[in-house]
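Residue numbers (the numbering used here), protein chains in the order written: chain A, 1 to 341; chain B, 1 to 341; chain C, 1 to 341; chain D, 1 to 341.
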């Protein structure tokens, strides 16, 4: 019989709530015991009662010190991730942690080192790997249907830029937005990145430039396998959240288009119309969050290493830092150049 | 403030479970109080506990006699629908009833007569009206975007025939399978059917013929508006559950294609591949069941007549009976010919 | 070595010019010798010179009596087809004749009887069989890829009605417009029609009704194989020339969509746009005219029976007449009922 | 009345024949007088007679010295282009010249200088600008429908590599294959390129590497407007000739997909199939060659500057040379760095 896992969740913000709902509704073998959040107000209490959260706490030690709890889902703010992962590891509890582990390479390495000394499993929440379309792409790669990947193309454009306040603390487009695409490129290429060339500019809002960031970015990746990756990002795609992946290989090519709002075509005397694509990541990737968590628990049940794991979390940040350097120096930058950080 | 409704459900089979889950998870203003089922075993009890059903009963009177309960969802077997609707109406409770109300015209009329004497609301579960694609088609009709509907085309093909035992008690393809399409055609045409011509044959399995039914059917509908409807049905579409709608009008045409399993195209040296369409109605129409129930409660809250209502339930059965007669006599049959039944 | 054929063309109107250009440019083994037309004016002369027509005549005997001419292409008005086919047959010349052979069953039979007594080949110009998309559909039928055809669906809608004057002499929608669809249905079904039910109405222009015709038509065909055909026609599709074919079979389904004007999608903040489909048959079927003629000459070279042949021409008219009767009597009509005419 | 132009063609190889056929059949106002070719054999003579070429010569002076000839179409080998353009300019004849003008910057400049001193018109044969799909993309740019172009993406992949012998003399992938894409990117961006970063590798055939070239290439372009271009090339796309363009702008995005072989989808129990895309440039771009030449003559008639002109020819070669340098040095290269050559 399959073992049940007792679970604690840290952080009940937007993404935390999604994971908690998925735990309660879609993963019967996961028994949620405690949810911790730094701010427990009436709205949160009401939500917790309605959804069926057994216990709310503002003290994370209630989770770390509970010997029954074997799995911790970390959905708190990024600056707490490394600390909580380490604490969980020391308490011998498996961890699912929202991305990124940290934005500081040294701190990530230190965290992974603690993780590796214990037998715990760590999955990092790059949920797009579990999108049904991108999974299907990867299936064509993994089964050899399209042969050796040679060119990986990712289009990733947000419908609208975040606030300038957010931009200022985001870590820059390569760490904030492209981070998902670094992971997707590595996932599809089945190889690690050796060198990155990144460029871009401020084409949408000069305020973004004043905040020290760019709003349009293009990156070229050279993989160890010889494959080449191409990513293009925009902070403002007026027609919706544009998320596409293409893998060109020696035996074929697999292309994942955007999800459609519906399957309807309207033919009129002027033209044929299709409704706009879904607006943002909540609509687009909702299913991937549950698929991701289901996969994580399957890995725990089967006692196998989950993917994307801590190493993936590290590699994606390394590429982001190399990309930032490439953009600043206007030259290709090897990952080995930034690994020392 | 929006009023809460206390709800009882009769029948916790496959479709009943779907409605119960939707009530609990997606309609916060509906408070499920009791679920009745003729057979309460351990599996049902376990499911009820896990999902959060407050009370299980095998006695439907627990629902009809509870003055707190204002709304009843009827998901029991077809032969009980008319009786339960009438009992609910007499208890002054609103009703959502799975389709069909009955297969006997007289009994439907009698039931609607009871309903009409009370102030209760009745929605009949033709869920496909709430499919996002077919809703979008109807939007183009309702807003006048495609002008006056002139030709309505519905393709409705099951992936595989049901068992011969089921076929024998199904009431025939026109009442069992096409019933959804009669409703869809009326929904899109925004007009009532005046005459139907139906034909078909046994092209898939001779056993279906021996059981007195056909497995392939085509029907032509003449609407009062002058529009013409075309429906084609097959009990076996090997490539999956084929569900399409097209409305051609004086100012344009709207076409709803099948839902895709994913958005991926695989290009190989042989051809380009797209994955098969989703297999059956549970996958295809799952969202429409919650949209339907949400709409029903919205109608109750706004105190407006829900659609499809009892009259829709009646019309769809009238057309089915006329179609059966048309097939048997090999001539067009007017709805007025069968209305007297 | 492949034999050259010397060719005469009767009729240099719109469709005649297309065939002549195709003969001169795309069929090197066909040597055009004479073109006959009842009205030879300066414009025609100039066109003939420019395109390279060796000789123009107003006397068709120049063609029939020329022993060098082995093949005649008949593009004159419909009322002359039967006469010219018979004359050609008597002169022992192969014939490609524009559709229809005639609108009178007796006269068609008489003509085919003359043809059959000689060894000549006769192809009737149902060019849509040579459309690349519909050919591809038929390939899936002919190779067994989709198994036994069970339902054949044809959508055939003109962008705008012809003049009322034309409507009056057209022979009615079933003979004028649906004639192509009868042929297409038989081509795809690989079976002959046994019974037809036709209905329709005047939904577009009351003047069409006053002229004794309808502008919207739907027909259901029963094939000897058991397959069922569905055709829908409209004289006015505001979004362009809508020409689609679908064949549903025991092992799959093949669907030919409209040709696109281009492959471009424009994504804007409002919706996604695709350009309108090509306007009318000249744009849509231009390639099929050359493919048709090339195929005809290949049949002559290989000394095999061309398809569609005289029998196809006959069957298509029989169905049209049965459909007209079905519409008038409002009941299905067997082809055998009208065969005696 | 519109003036007729008397035309001479130099070079009757594969592309020359296409232009000659288009001249004779599709441009009535162009009177072809002489075709010159260095090698006049029986096959060419026969072809010329059949197609209607009035005169064949092996002496190009027959064209340059003929005062009646006002327009010269140059389709001879690349090494002769600059010489013949200069001769034509000196003879005061307009020129349509196949791309490229030359592969040497100095020689191109010298040629353009001669052209500019005369009043003649010069179009360079970047035919893809006249592809109906890419024209439609550009229309969305030119009309402002998608706002300011920000990201231009071009996918350009050949079905199979040319012979190694050809590779050796091709000038390298950036000059031989990407040259069309430099032009397309500039056409869509409506801006000139300032800097290029190019990378790539030998992923298909090591022999291509031994011949000093690469078979897979990716380039990033920075335009003066701030827009960014991305091009990816492969010498071997097993699924056919992959030619796509995308322009992302401030108000929308326009995407041109590959041309389809037909519009048919085959649904089977395994998957849905679409036929492969057309094999190579002759199939894909055939129409663009006639559209290009028609446009050239329209420019002459209207006495306006044709596009793409000599300057376009120069810019495209400059980018190719910069890309080659970028690849070799593994750093971005400004066009100004190579302009001095």
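Positions of the beta carbon are idealized from the N, C-alpha and C atoms, including for glycine. Small disclaimer: the values here were computed from a predicted structure and weren't measured.
In this structure residue 259 of chain C is buried. Its beta-carbon is surrounded by 16 or more other beta-carbon atoms within 10 angstroms.
The bridge partners DSSP lists for residue 265 of chain C are C:274, D:255.
When Cβ-Cβ separations below 9 Å define contact, residue 57 of chain B makes no contact with chain A.
Within the region 194–236 of chain A, the complete alpha helix (DSSP H) segments of 4 residues or longer fall at 206–210, listed in chain order. Of D:287, D:308, D:285, the smallest CA-CA separation from residue 296 of chain D is found for D:308. Exposure of residue 301 of chain C is indicated by the presence of fewer than 16 other C-beta atoms within 10 angstroms of its C-beta.
Assignment of beta-bridge partners to residue 244 of chain C by DSSP yields C:155.
Taking the Cβ atoms as the reference, residue 217 of chain B lies roughly 4 Å from residue 200 of chain B, within the contact range of under 8 Å. In the DSSP assignment, residue 333 of chain C is bridged to C:196.
When rounded, the separation of the alpha-carbon atoms in residue 187 of chain B and residue 206 of chain C is 27 Å.
Here residue 51 of chain D really is in contact with residue 21 of chain D; their C-beta atoms are around 6 Å apart, less than 8 Å.
Ranked by Cα distance from residue 225 of chain D, the options A:109, A:220, A:203 are led by A:203. Identification of residues in the region 154–179 of chain B having a C-beta nearer than 9 Å to some C-beta of chain D yields an empty set.
For residue 259 of chain D, the residues of chain C that pass the 7 Å Cβ criterion are 263, in the order they occur in the chain. Against residue 275 of chain C, the close residues of chain A are 271, 272, in the order they occur along the chain (beta-carbon pairs closer than 8 Å).
Residue 85 of chain A is a Cβ neighbour of residue 74 of chain A, given a cutoff of 9 Å.
Taken atom to atom, the span from the alpha-carbon of residue 65 of chain D to that of residue 91 of chain D is near 7 Å. The criterion of a C-beta distance shorter than 9 Å is not satisfied by residue 189 of chain B and residue 220 of chain B. In the DSSP assignment, residue 33 of chain C falls within the unbroken beta strand (DSSP E) covering 30–36. Annotation: Cβ neighbours of residue 332 of chain B in chain C (cutoff 9 Å, chain order): 197, 199, 330, 331, 332. Closest in alpha carbon position to residue 254 of chain D, among C:229, C:273, C:313, C:97, is C:273. Contact check for residue 245 of chain C against residue 178 of chain C fails: the beta carbons are separated by 9 Å or more. Where residue 16 of chain A is concerned, there is no enclosing beta strand (DSSP E), although the alpha helix (DSSP H) around it starts and stops at 14–26. The Cβ neighbour count for residue 280 of chain B, taken over all protein chains shown within 10 Å, is under 16; the residue is labelled exposed. With respect to the 9 Å criterion, residue 261 of chain D and residue 145 of chain C are not classified as neighbours on the basis of their beta carbons.
With respect to the 9 Å criterion, residue 57 of chain D and residue 40 of chain D are classified as neighbours on the basis of their beta carbons. Residue 212 of chain B is classed as exposed because its beta carbon has fewer than 16 other beta carbons within 10 Å across all chains shown. Between residue 115 of chain A and residue 142 of chain A, the C-beta gap is not smaller than 9 Å, which leaves the two residues out of contact. In the structure shown, the three-state DSSP call for residue 5 of chain A is strand. Interface with chain B (9 Å Cβ-Cβ cutoff): residue 299 of chain A is excluded. Counting only the Cα atoms, residue 130 of chain A lies some 9 Å from residue 293 of chain A. Note on geometry: alpha-carbon atoms of residue 101 of chain B and residue 46 of chain B lie some 30 Å from one another.
Interface with chain A (9 Å Cβ-Cβ cutoff): residue 136 of chain B is included.
Residues of chain C whose Cβ lies closer than 8 Å to the Cβ of residue 145 of chain D are, in chain order, 266, 268.
For residue 75 of chain B, there is no enclosing alpha helix (DSSP H), as DSSP marks it with neither H nor E. Apart from sequence neighbours up to five positions away, the residues of its chain that approach residue 160 of chain D with a beta-carbon distance below 6 Å are 236, ordered along the chain.
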